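Heads up: the structure comes next, in structure tokens.
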Amino acid sequence: MGFLNIFSFCVVYLICTSSFTKAEPCVAKSPCSCEFSNGTGIDLTPAISSAFYTADVYEVKMNGTQYEMSTYFYHPCYDVSMNISQPNPKNTCTSPLSICRHVITMNLLDKTNKTYTFDDGSYDFMGRSNISQFSDQGNSIIYANGPSETIVLLECAETDNKLQVYSLAEPDKIVLAFYSRDACLKQIEVVGRSFGSTLLIIFFSFVVFYLVLGICTKKFLMGATGVEVIPNLAFWSDLPNLVKDGWVFMLNGCKLPARGAGPTVSPDPNSYDSI
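As numbered in mature numbering (1 follows the signal peptide of the UniProt record, and there is no 0), residues -23 to -1, 1 to 252 make up the sequence shown, in order.
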């Protein structure tokens, strides 16, 4: 009895582990869409905006004598250039990108009067769409940036599109969260059937209908047997030759073959021409 229990446990364990290990990933179709094998997936295309989505956060450092204020800019789906009007900042966001961070540091100058000085700030490149990838679960997009990376969590929310800072615990792995209706799992639109394939389906449907109706008519109404039940048997028997002739005609540039002179035939001795 104990052996049966152990055997049953092993079978259940193998079934459960195989179901987890065989979970198929969300395959990326574009920088902002991925699809599971069942046709569902994520598509952020409707969330594309002409402007960047932004999220602000600040950190207190140096025992309260320094404030670091950061603004994160995010543009899903494709890279765009930032319009930076500030003169001569430290800027690595010069090329089209998807994620950039603007950092301004405020240092305490006079503790009594609580006056602060601001630095020139910096713009830090954090990722572009052409080097991004979806997680296997499809719930986040990972943007590579050298040794570090930026992760954008895709949060399904029935609200307007919104970007927030999720975690700054690891400087080399900053996590943002993008809240959107378009981050919800949905059925990915399937491209419809082409016009040519529709015509082929209609054509072969008519052929099958014609053959079935013709066979039934000749067999039950006309009493035909064997291959004679096939309607227009001579046509179907000669169809391979007709296809061959048509193919040769196409290869010849739709030109008819030249007629040969033919064999020479002597005139009939009893005809008028032989007199």
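Beta carbons: idealized from backbone N, C-alpha and C, even for Gly. Note that the structure is predicted; figures quoted are calculated from it, not measured.
Quiz prompt | Assigned exposure category for Tyr30 - 16 Cβ within 10 Å defines buried | solution = As a working mapping, residue 30 is identified with position 53 in the sequence shown. Buried, because 16 or more other Cβ atoms sit within 10 Å of the Cβ of Tyr30.
Quiz item: When the Cα atoms are used, what is the spatial distance from Asn138 to Glu1?
Solution: Reading the sequence shown from its first residue, position 161 is the one you call residue 138. Reading the sequence shown from its first residue, position 24 is the one you call residue 1. C-alpha separation (whole angstroms): 28 Å.
Exercise. Give a yes or no on contact between the segment 170 to 184 and the segment 134 to 150, applying the rule of three or more CB pairs nearer than 8 Å.
Key: no
Exercise. To the nearest angstrom, report how far apart Asn218 and Asn209 are at their CA atoms.
Key: Residue numbering aside, residue 218 sits at position 241 when the sequence shown is read from its first letter. Residue numbering aside, residue 209 sits at position 232 when the sequence shown is read from its first letter. Using only the alpha carbons, I get a separation of about 15 Å.
Quiz item: Below 8 Å between beta carbons: does that hold for Asp20 and Asp215?
Solution: Position 43 of the sequence shown, counted from the first residue, corresponds to residue 20. Position 238 of the sequence shown, counted from the first residue, corresponds to residue 215. No, the Cβ-Cβ distance between Asp20 and Asp215 is not below 8 Å.
Self-check item: Test item: CB-CB of Lys78 and Asp97 under 8 Å
Solution: Here residue 78 refers to the residue found at position 101 of the sequence shown. Here residue 97 refers to the residue found at position 120 of the sequence shown. The sequence as given places Arg at residue 78; Lys does not occur at that position. Not a contact, by the Cβ cut-off of 8 Å.
Exercise. Just mark Ser106 as buried or exposed, buried being the case when its beta carbon has 16 or more other beta carbons within 10 Å.
Key: Here residue 106 refers to the residue found at position 129 of the sequence shown. Buried: at least 16 other Cβ atoms inside 10 Å.
Practice problem: Along the beta strand (DSSP E) that carries Val204, what are the first and last residues, could you check? | Solution: Walking along the sequence shown from the start, residue 204 turns up at place 227. Careful: Val204 lies outside any beta strand (DSSP E) and carries neither H nor E.
Quiz item: Between the segment 66 to 82 and the segment 47 to 57, are three or more C-beta pairs nearer than 8 Å?
Solution: yes
Quiz prompt | Same chain, Cβ closer than 7 Å to Val152, neighbours up to 5 away in sequence not counted | solution = Start at 1 with the first residue of the sequence shown, and residue 152 comes out as number 175. For Val152, where only same-chain residues beyond five positions count, the Cβ hits under 7 Å are Ile128, Leu130, Tyr143 and Ser144.
Self-check item: Alpha-carbon spacing of Ala24 relative to Glu45, whole angstroms
Solution: Counting from one through the sequence shown, the residue named residue 24 turns up at place 47. Counting from one through the sequence shown, the residue named residue 45 turns up at place 68. Cα to Cα, Ala24 sits roughly 30 Å from Glu45.
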